[in-house]
Amino acid sequence: MNNNNKKDTDATGVTTVMPGDELDKTMAFKVREEGSGSAREALKVVYSALKEKGYNPIDQLVGYLLSGDPAYITSHCNARNIIRKFERDELLEELVKSYLEKGD
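Residue numbers (my numbering): 108 to 211.
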């Protein structure tokens, strides 16, 4: 095992891994604990705001999650600012967890 491996992240967030890294290992992914201001609550607020404004909330949320473009989310009820407090992977994690735990 080579402990002198180098990783370099440029200004765009792209990480370059130098040869010798053990890329076959699984990395752990830690999600912050649910609490007030959770991703679940943010999704509910955004869903309601989109619905109130006459949008199809599912289509708009999918557009945002795929593109990261906040223009898919209305500013009504501060929904755009609320959803931008979370990384898209956090929102997706909440959606997948909720779907799989439903037991359908």
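Backbone N, C-alpha and C fix where the C-beta goes; we use that ideal spot for every residue, glycine too.
If we ignore side chains and look at the alpha-carbon of each, how far apart do S155 and H183 end up?
10 Å
Taking its Cβ as the centre, do 16 or more other Cβ atoms sit within 10 Å of A178, making it buried, or is it exposed?
exposed
Whole angstroms is fine: what's the gap from D176's alpha carbon to D131's?
33 Å
Is the distance from the Cβ of L168 to the Cβ of R195 below 7 Å?
no
Helix, strand or coil for R191? Go by DSSP, reduced to three states.
coil
Cβ neighbour criterion (16 or more within 10 Å) applied to I180
buried
In three-state DSSP terms, what is G142?
For G142, the predicted model reports a pLDDT of 49, less than 50, meaning its position is unreliable; a value from the coordinates is still stated below. In the structure shown, G142 sits in coil (DSSP, three-state: anything other than H, G, I, E or B).
Counting only the same chain and skipping the five closest in sequence on each side, list residues whose C-beta sits under 6 Å from that of I190.
A149, V153, I180
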